[in-house]
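In UniProt numbering, the protein residues as written are 1 to 128.
Put into structure tokens, the structure is as follows:
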């Protein structure tokens, strides 16, 4: 759930959900929370403000929550936000998806590609 200043800040398009993830707050309640999403403070002179990286509760149907939490528990997947938008009624929505982490081989390949790209950039910079 969002506060008023968070919605105003979102309308200015200054949010960042690239490092965010969603998950369960505790094992007792069937709720999904969004963690580490950055919504900057609204630029006004009001004393009411919000924490920029506070956990935010996502409003979903119970059957959706159960299905997502079962997939996370069963397959070891992670809930990640894919996009943040306003619907036609002006309500802030976040699209979340199930993601599977990389295995060691994939990580090594990504590191090799990144190192090779850096080397190419250095060669081009030094040569030209």
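Glycine is no exception: its CB is placed at the ideal position from the N, C-alpha and C atoms.
Among the options, which residue has its Cα nearest to the Cα of residue i?
| i | options | result |
| --- | --- | --- |
| residue 37 | 127, 96, 1, 17 | 17 |
| residue 58 | 76, 95, 28, 5 | 95 |
| residue 21 | 119, 55, 88 | 55 |
| residue 98 | 105, 83, 72, 92 | 72 |
| residue 70 | 27, 118, 119 | 27 |
| residue 19 | 4, 83, 10 | 83 |
Ignore the nearest five residues each way along the sequence and tell me which others in residue i's own chain have a CB closer than 6 Å to its CB.
| i | result |
| --- | --- |
| residue 8 | 42 |
| residue 6 | 39, 50 |
Near residue i, what residues of its chain come up, given a Cβ to Cβ distance below 7 Å and the 5 sequence neighbours on each side ignored?
| i | result |
| --- | --- |
| residue 101 | 78 |
| residue 116 | none |
Let me know if residue i comes out buried or exposed under the rule of 16 or more other beta-carbons within 10 Å of its beta-carbon.
| i | result |
| --- | --- |
| residue 81 | buried |
| residue 122 | exposed |
| residue 32 | buried |
For residue i, which residues of its own chain have a beta-carbon under 8 Å away from its beta-carbon, when the five flanking residues on both sides are left out?
| i | result |
| --- | --- |
| residue 47 | none |
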